[in-house]
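According to the numbering used here, the sequence shown is numbered sequentially starting from 0. Note that beta-carbon positions come from the ideal geometry of N, C-alpha and C, so glycine has one too.
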Amino acid sequence: MKKADVKVGAIVAGKSEEELKKPFQGKVEKIYENSALLAITSYDPIDETAINDLNNKIVVNFKKLKAARAAKNSKTAATNEVKVEKVEKVAKKDSKKK
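Structure representation (structure tokens):
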């Protein structure tokens, strides 16, 4: 990929022969001159230890990135996102019984 094609917040696929054995997917957090900081979102279970050592983040050269496709047989990294749902109120039943 070229720097112009990489946007903050985009999900991309990447390779890093030095750190990880298999390809992975990540969300672009920051763009540098020749590389991007990714928060790893999906990876092969064989790389779990390395991913934990990296704290789910890695810097990858643009040449090693490509547009992401749906990941198959991969593990999804935990994120700090919180899902909020509206909870319905339940009417209290009459507790006074004679």
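- For I30, the enclosing beta strand (DSSP E) begins and ends at 23–30.
- With a 10 Å radius around the Cβ and a threshold of 16 neighbouring Cβ atoms, V27 comes out buried.
- 8 Å or more divides the Cβ of K65 from the Cβ of D46.
- A direct Cα-Cα distance of roughly 15 Å separates G8 from V58.
- Between the alpha carbons of A67 and E16 lies a gap of roughly 18 Å.
- Collapsing the DSSP output to three states places K56 in a strand.
- Rounded to whole angstroms, the gap between the alpha carbons of N33 and E84 is 40 Å.
- Counted as a single uninterrupted DSSP element, the beta strand (DSSP E) harbouring L64 occupies residues 64–66.
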